[in-house]
């Protein structure tokens, strides 16, 4: 018997039994990436967290519709003040290409990284730029309901007006008076009535490439709007679960609630789930702090903070070894411990396949199974579930050593249980390049070859540089010169 | 010296020197798939053909912007009469899921198949449903210019009117009188003035899910419109090359020319390129003829027409062994010959890396190189280029046997040349699972295991069925149960 799934709802700050709107079905919306640079550690956690939820709901028998968006327009450099350039436009200007080329490039690399992490593709992956009409329709209805105002070709959400009727800040535990106290005053230049108002539609400056016509003039949608629009388009005006990183709670998700409520007259989301953040050696990860690590760097070891490469499954296992609502601190020591733990678990999976059954079991395996599912159903407590899996690993190794025995039916049950939890629910898989030592040696050798090739190129020794690339190609490694250096992958 | 690139322009029916609009840059638009079912043989050819073009242009030093669309709305079952259901809506109805889930599923599997075939991702991959506003704007301008008419919430292109000022049918070599003669008369029920008019905007029936508001009422764009709109949006009102399968010449590309010309007052495309079709054992491929082969079936051998599995690189090589404007006939014999040829070529690539240089060369390698590039520049004549590569293979094998010698500089040049042509331009790569024999054995064994597992499941022998899946997983093969049977892949 698997206990009922209970999830922590950020909105009520309590664990609640999951009761879907429609029996047997679950609708899930998760905020996806803004695709303007390589995916980094910060992308791994929410995507693995909600992949675990998607897999567990599916395992429990729900027919899940999982929607995860791609933000390809409207995300400004300064998220709170909504000023600066659009992140994608800025990158396009720097790379001297069309904004949609930036979007395509980084969307593709995000997908590739997610495949490496064995994160399942969502059922629908809508793009903000692909839903401009739908966003304009929601602005229309918010204007019609009196919760927005137009100014010089832009449309802003009227937070104060909304707060008179509803409660702005309920998700993040803020109230408007506090927000007012903590927000700088407008300098008189702004079009907004209040600095905490936010854009639904922004007038495009003449040099802005990503623009669409509207009844308010040429412009583009505000960043928060797409999620209200695309979640309700594909999941209905009310739906089950909305997930995202804790950093999105305010202002992004708060604005989503306000938009949906102002447009529909009621909230859309029944359960809000937020994963906690990742720190690196105890510090926040930020480009400005010099501790920014992309997923490619992690998988190849090419970052000065890393003592070695860590495989995608090591990263996945590491993230699953913490509960999603706890902070996780990345360090080489912690990752190496995960690598060893994962190896032990995967070795036990192999051992399990080779065990011979006995007449009777000498150990009881039912508790492990029950405890493991109890943990998973308790707000996805993966670290506790994994701890129970390791108790089973001890039994597996004892049976192999001959100090314990398992009957044929218990053995079959163990195999089925481990396969369900390790492969299907936790989404781990055996990795091509074998154990950790091999992995490390391989990636070290490739990095050395890349560096030798760079040297040969600098010396105009094209024969050597071509030779290195060709031989790597022949043994199954593909190299690509990019302006950020050489990328490589196993073919 | 590499000769100037010459390409056959369908519009002029002559080979023309490629002269880009902007020096050093090339804009390329290719019609992508309608994503409502698994990718099949018919998708392999255009994508490999224009991948070759993209790679060769890049090799020649052009900065290429390659745009390939995804059709996710508006493609009706009967393409010519524009009747029946929307292909995606129909599949959504059959699978009982949301149309965008159909789109996502088959778009993902198309991308996966293209990666297997080593087809590079385009720089921009726009979706029809993501460009509704832009399509409405083009309809506006065609209406304004007098080449379209509205009827009951739909808008149709007025072919007769257009033909008075321009020439409808010039690409496919038709003229309107012939078309009139060969088209059935309208039955009086149609909204169209003439049966050869085509829809720019279709009014949505009440049950139609994919719909957007417009000034003509709720509806969706006609199939032909997206390509006129997205090509000019991302490549400019005039651009270099438009590619696609020969079957798209009429009506699709003819309609594209008419739309762009009616809207802009001039044509957009400078070079039209069309790949020829694939037949199977001399017959057209069609579901109704029972000779329909998906790419997954080809790669796994799971189709009764196939004597074995053929690896993605075998398929790629087979397609490149014919000129893109010739028909290609698929047969087991022809594929097996390609498999052997590819193995011989890839073995020579390995041998080349191991050769020791001599003091002086005993053979002249310059002709091979020159002939190969001459062929590629002659309208992408890949079969002739490959024939010249095989002349080099003879030399490589002779040097290995000691009957010929190559100097260090000639050897370096050979390596660089083969790497450029085989890996970069033809886009071939060494495959994970080694030679063809191994490939065949592996895929046979996996298919057998899948069949045994199916049997175990039918007998409710879950232990055996789980065991097969687990052990495959452990050795690096991932299985997935789908409603069309079991899919497997190397992880």
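Residue numbers (this note's numbering), protein chains in the order written: chain A, 1 to 491; chain B, 1001 to 1491.
Beta carbons are placed, not taken as given, at the ideal position from N, Cα and C, and that holds for glycine.
Quick caveat, the model's predicted, so the values are computed rather than measured.
Chain A within 8 Å of residue i, Cβ atoms only
i, result
"residue 1092(B)", "no"
"residue 1055(B)", "no"
"residue 1238(B)", "no"
"residue 1419(B)", "yes"
"residue 1051(B)", "no"
"residue 1436(B)", "Residue placement at residue 1436(B) is flagged as unreliable, the pLDDT there being 39, under the threshold of 50; the coordinate-derived value follows with that caveat. Cβ-Cβ to chain A under 8 Å: no for residue 1436(B)."
Neighbour list for residue i in chain A, Cβ cutoff strictly below 7 Å
i, result
"residue 1212(B)", "133"
"residue 1466(B)", "415, 416 and 419"
Partners in chain B for residue i, counting only beta-carbon separations shorter than 9 Å
i, result
"residue 234(A)", "1098, 1100 and 1101"
"residue 463(A)", "1408, 1409, 1411, 1412, 1413, 1415 and 1416"
Within chain A, partners of residue i - CB distance below 8 Å
i, result
"residue 1047(B)", "The contacting residues do not exist; residue 1047(B) stays about 16 Å from chain A at best."
Contact with chain B by residue i, beta-carbon distance below 8 Å
i, result
"residue 201(A)", "no"
"residue 35(A)", "no"
"residue 415(A)", "yes"
"residue 439(A)", "For residue 439(A), the pLDDT reaches just 45, beneath the cut-off of 50, and the residue's location in the model is therefore unreliable, leaving the point undetermined."
"residue 481(A)", "no"
"residue 469(A)", "yes"
"residue 129(A)", "yes"
"residue 423(A)", "yes"
"residue 20(A)", "no"
Neighbouring residues, chain B, relative to residue i (Cβ below 7 Å)
i, result
"residue 364(A)", "The contacting residues do not exist; residue 364(A) stays about 19 Å from chain B at best."
Where residue i meets chain A, residues with beta-carbon distance less than 9 Å
i, result
"residue 1124(B)", "98, 100, 101, 103 and 104"
Where residue i meets chain B, residues with beta-carbon distance less than 8 Å
i, result
"residue 108(A)", "1121"
Any non-hydrogen atom of the ligand ATP within 7 Å of residue i CB
i, result
"residue 182(A)", "No copy of the ligand ATP appears in this structure; indeed no ligand is present at all."
I want to know whether the stretch 92-106 of chain A touches the stretch 244-262 of chain A - three or more CB-CB distances under 8 Å. no
Is it a yes or a no for the stretch 129-144 of chain A touching the stretch 240-248 of chain A, going by three-plus beta-carbon pairs under 8 Å? no
Any chance you could list the alpha helix (DSSP H) runs of at least 4 consecutive residues sitting entirely within the stretch 85-130 of chain A, in chain order? 87-95 and 99-116
Are three or more beta carbon pairs between the stretch 1176-1187 of chain B and the stretch 1055-1069 of chain B nearer than 8 Å? no
Segment contact flag, the stretch 380-390 of chain A with the stretch 412-429 of chain A, C-beta cutoff 8 Å, min 3 pairs: yes
I want to know whether the stretch 185-204 of chain A touches the stretch 150-160 of chain A - three or more CB-CB distances under 8 Å. yes
Fully enclosed by the stretch 290-367 of chain A, which alpha helix (DSSP H) runs are 4 residues long or longer? 295-300, 312-320 and 332-354
Report yes or no: do the stretch 1394-1414 of chain B and the stretch 1345-1361 of chain B share at least 3 C-beta pairs separated by less than 8 Å? Yes, the stretch 1394-1414 of chain B touches the stretch 1345-1361 of chain B.
If contact is defined by three or more beta carbon pairs under 8 Å, each pair taking one atom from either stretch, is the stretch 69-83 of chain A in contact with the stretch 29-41 of chain A? Three or more beta-carbon pairs separated by less than 8 Å link the stretch 29-41 of chain A to the stretch 69-83 of chain A, which places the two stretches in contact.
Pairs of beta-carbons, one from the stretch 1305-1315 of chain B and one from the stretch 1328-1344 of chain B, closer than 8 Å: are there three or more? yes
Mind the definition here: the stretch 1197-1204 of chain B touches the stretch 1216-1235 of chain B only if three or more C-beta pairs lie below 8 Å; say whether that holds. yes
The stretch 264-275 of chain A in contact with the stretch 11-26 of chain A per 3-pair CB rule at 8 Å: Yes, the stretch 264-275 of chain A touches the stretch 11-26 of chain A.
Which runs of the beta strand (DSSP E) spanning at least 3 residues fall entirely within the stretch 1159-1240 of chain B, listed in chain order? 1198-1203 and 1219-1221
Determine contact between the stretch 109-127 of chain A and the stretch 163-175 of chain A, defined as no fewer than three beta-carbon pairs at a distance below 8 Å. no
Taking contact to mean 3 or more Cβ pairs, one atom from each stretch, closer than 8 Å, check whether the stretch 295-302 of chain A and the stretch 108-120 of chain A are in contact. Contact holds: three or more Cβ-Cβ distances are below 8 Å.
Give, in chain order, every residue of the stretch 1347-1379 of chain B whose Cβ lies closer than 7 Å to some Cβ of chain C. Considering every chain present, this structure includes no chain C. Its protein chains are A and B.
Can you list, in chain order, the stretches of the alpha helix (DSSP H) that have 4 or more residues and sit fully within the stretch 243-299 of chain A? 254-264
Going along the chain, which unbroken runs of the alpha helix (DSSP H) with 4 or more residues stay wholly within the stretch 456-486 of chain A? You should have 462-475.
Under 8 Å, with one C-beta from each stretch per pair, do the stretch 274-290 of chain A and the stretch 329-336 of chain A reach the 3-pair mark? yes
Kindly provide the ranges of any beta strand (DSSP E) runs that are 3 or more residues long and lie completely inside the stretch 10-52 of chain A, ordered along the chain. 14-17 and 25-30
Whether or not the stretch 41-49 of chain A and the stretch 317-329 of chain A are in contact is what I'm after, with contact meaning three or more pairs of Cβ atoms, one per stretch, closer than 8 Å; do they touch? yes
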